[in-house]
Amino acid sequence: MALLDIRDLDLSIARGSELLPVVQGVSLTVEEDETLGIVGESGCGKSLTALAIMGLLEGSAVRIAGGSMHFQGRDLLALSPGERRRMMGDQMAMIFQEPMTSLNPVYRVGDQIMEAIIQHRGMSRKRARERALDLLDLVRIPDPMRRIDSFPHQMSGGQRQRVMIAMALACDPKLLIADEPTTALDVTVQKDVLELMLGLQRRTGMSIVLISHDLGVIAETCDKVAVMYRGRIVEQASISELLSNMSHPYTLGLLGSIPAPDHDVEWLDAIPGRVPTLDEAVPGCAFHPRCFAAEGSCRTVDPVAAAISPAHFVRCHFPQGSTT
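Position in the sequence shown (from 1) plus 28 gives the number in this note's numbering.
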């Protein structure tokens, strides 16, 4: 049984009496001690999918319109709000995209780490503080005895991201969702944060869902990957299978936009155009206005997911590089 099993998840945004589809037919599985990468441009539905998994759409304009989500065999959509809150931060946790806006600026970082420990583990403040110090040391915050009483604005971006990781790990979750955990960090700090997360995974055995717009980061850190475009998964495979037999033109475009470190280039390659907004009707394949391989049927017929190999699926009329 998979740790996390999502089948045909549909999310819609309510606008008056109208529901606009924003995520359609997403199916994902995450096994124990596995890292799943979700990659795609901004606006493709990656973060909304993560928020749906965490049960954080309550009170927003986003509605779960269909599908199922199971965590350790439990039906997440059948749980009460109280049951979901008890699960969040305990059995599953999330690192949000921007630590400066996710951390409360008027509370010391130690108090913010301790809050989850006291809430979910029932520890005294003294024991919770000891646990918070251990976590700050675990995520390699220098001088944790002093930093535990710092406010977020007194720390660097990399240190704030490490605090977010410490908060997420406070109760030893089975599943960690990391939403763009290296956004706005310089390259060396990005590397340190990713290595830290994977090192902690090896120590604790937790599973990770890593969300990114950078296919290079996904390739270096994940066991398997789902490529999203405009709310749908357009390609899904193990990372080794994807890199050896990349099939969707969008995936190829994402890879091509990564600059080669051993070549001097004046202009970076880019996928032309942009992700269509929810208000824009795109008949056929949603990617066809930007696709170098688009033909007549792409403009009129929405493709269905087809197997390239037993564990490699692509949603495209004319998959590239396919051996079938």
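Quick reminder that beta carbons are idealized off the backbone N, C-alpha and C, glycines included.
- Message: If you follow the beta strand (DSSP E) that residue 145 is in, where does it begin and where does it stop?
- Response: Residue 145 -> not in any beta strand (DSSP E); alpha helix (DSSP H) instead, spanning 137–149.
- Close Cβ partners of residue 321 (< 7 Å) along its chain, the five nearest in sequence each way excluded: 277, 346 and 348
- Compare the C-alpha of residue 190 against each of 323, 128, 244 and 41 and name the closest. 128
- Measure the beta-carbon distance from residue 204 to residue 121 and round it to whole angstroms, keeping in mind my assumption that it falls under 8 Å. 6 Å
- Task: Excluding the 5 residues preceding and the 5 following residue 36 in the sequence, name in chain order all residues of the same chain whose CB lies nearer than 8 Å to its CB.
- Result: 53, 54, 55, 94, 95 and 96
- Message: Please identify the residue among 155, 151, 220 and 213 whose C-alpha is closest to the C-alpha of residue 169.
- Response: 220
- Query: Going along the chain, which unbroken runs of the beta strand (DSSP E) with 3 or more residues stay wholly within the stretch 201–281?
  - Reply: 203–207, 235–240, 252–257 and 260–266
- Are the Cβ atoms of residue 90 and residue 48 separated by less than 8 Å? no
- Task: Evaluate residue 210 with the Cβ neighbour count: other Cβ atoms within 10 Å of its Cβ, from every protein chain shown; 16 or more gives buried, anything less gives exposed.
- Result: buried
- With respect to the alpha helix (DSSP H) encompassing residue 333, which residues constitute its N-terminal and C-terminal limits? No alpha helix (DSSP H) holds residue 333; the beta strand (DSSP E) holding it covers 333–337.
- Alpha carbon to alpha carbon, how far is residue 83 from residue 113? Give it in angstroms, no decimals. 8 Å
- Message: If I follow the unbroken alpha helix (DSSP H) through residue 172, where does it start and stop?
- Response: 172–175
- Less than 8 Å between the CB atoms is what I'm expecting for residue 256 and residue 66, so what's the real figure, rounded? 6 Å
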